[in-house]
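Inspection log for the structure reproduced underneath, given as structure tokens.
Numbering (full-length UniProt numbering), first residue to last: 1 to 295.
Here you go:
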């Protein structure tokens, strides 16, 4: 029997929820402290990944959790996540800026330095707001509340004692069906919101499979998630450049034009990666976890 299938047959849903929440809450705390101390973009990124993982696994298994406690848990984690959205967008833009700079004539590089200065200034304002709001006292209060929810014996319903294997196939297949349904409506003219929603479906699927120790299967979603992420990031960056480009800089307009061209290619990549054939292959890989006896 595969170790993947063995994991699903040995562990209960309650074990998964409790273990995953404990692990993620510890890491959320650790990376938040590291970020506030160092302002390291990677610490912020990891902080957000652990929040999303905790939210994803609780969402997929929400039927096995007390409704009010689940809503409170998700609401608290969502607030922590949303408060860092702007900072993460700015980090991604600053990291990409040097590559964009190489796409225009050197005579315009001064415009890029002005843009970089504005982005850094905006990031500092957003960071200070976050730091002032999330004081050590408030952090302690929030994480104490999350820890109390995790320890609450009423968080998980009695049916959560059932084994993962009994339910996980249906749960993952439901997420795959949602992806397939959303993908059918996807085309080159689809709104950024539609691409973004599909990206979130893939994120939930990937983080849930990671928590279920389906590591290779989860890893297979990374290129798809990245493709959808490019569309989201570039649309966000275009809006920010337009906001800053009051002087009608030739260089910044060139970058807007470049990004708009790239978004078309990125959207096509997303459409191909979410084709009916690609999704069928994905589903077949998942089915093997339940049919393979000796892998």
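Note that CB positions come from ideal geometry on N, CA and C, so glycine has one too.
Contact set for residue i: own chain, Cβ-Cβ below 8 Å, skip 5 residues either direction
i: residue 84; result: 44, 47, 48 and 130
i: residue 18; result: 150 and 156
i: residue 198; result: 179, 182, 183, 186, 228, 270 and 274
i: residue 103; result: 254, 255 and 258
i: residue 216; result: none
i: residue 22; result: 150
i: residue 81; result: 48, 51, 52 and 55
For residue j and residue i, believed in contact at Cβ under 8 Å, the rounded distance
i: residue 93; j: residue 73; result: Not really, about 31 Å apart at Cβ, beyond 8 Å.
i: residue 25; j: residue 150; result: 6 Å
i: residue 116; j: residue 90; result: About 11 Å; that fails the 8 Å criterion.
i: residue 259; j: residue 225; result: Not confirmed; about 20 Å, so no contact.
i: residue 87; j: residue 50; result: The Cβ separation is near 16 Å, so there is no contact.
i: residue 211; j: residue 53; result: 6 Å
i: residue 163; j: residue 12; result: 6 Å
i: residue 286; j: residue 172; result: 6 Å
i: residue 213; j: residue 7; result: 5 Å
i: residue 176; j: residue 76; result: Not a contact, Cβ separation roughly 29 Å.
i: residue 235; j: residue 192; result: 5 Å
Own chain residues within Cβ distance below 6 Å of residue i, not counting five before or after
i: residue 233; result: 92
i: residue 31; result: 43, 46 and 47
i: residue 134; result: none
Helix, strand or coil at residue i according to DSSP, with G and I counted as helix
i: residue 163; result: strand
i: residue 246; result: coil
i: residue 190; result: coil
i: residue 16; result: helix
Pairwise C-alpha distance: residue j and residue i
i: residue 15; j: residue 262; result: 44 Å
i: residue 152; j: residue 140; result: 18 Å
i: residue 290; j: residue 281; result: 15 Å
i: residue 293; j: residue 29; result: Residue placement at residue 293 is poorly supported in this model, since its pLDDT is 45, which falls under 50; the coordinates are not used for a value here.
i: residue 270; j: residue 180; result: 13 Å
i: residue 264; j: residue 223; result: 17 Å
i: residue 194; j: residue 267; result: 11 Å
i: residue 209; j: residue 288; result: 14 Å
i: residue 166; j: residue 36; result: 42 Å
i: residue 99; j: residue 283; result: 37 Å
i: residue 132; j: residue 143; result: 17 Å
i: residue 170; j: residue 200; result: 19 Å
i: residue 138; j: residue 272; result: 45 Å
i: residue 196; j: residue 34; result: 29 Å
i: residue 189; j: residue 79; result: 32 Å
i: residue 106; j: residue 136; result: 46 Å
i: residue 10; j: residue 125; result: 49 Å
i: residue 27; j: residue 231; result: 29 Å
i: residue 276; j: residue 61; result: 27 Å
i: residue 302; j: residue 101; result: Shown here, the chain extends from 1 to 295; a query on residue 302 therefore has no answer.
Closer than 8 Å to chain B by CB, residue i
i: residue 67; result: Absent here is chain B; the protein component of the structure consists of one chain.
Cutoff 7 Å; reference residue i; Cβ partners in own chain excluding five residues on either side
i: residue 250; result: 108
i: residue 41; result: 91
i: residue 221; result: 202, 205 and 206
i: residue 66; result: 154, 155 and 157
i: residue 39; result: 127
ask   = Does the stretch 105 to 114 come close enough to the stretch 245 to 252 to have 3 or more Cβ pairs within less than 8 Å?
value = yes
task = Would you check if there are 3 or more beta carbon pairs closer than 8 Å linking the stretch 48 to 65 to the stretch 197 to 213?
result = yes
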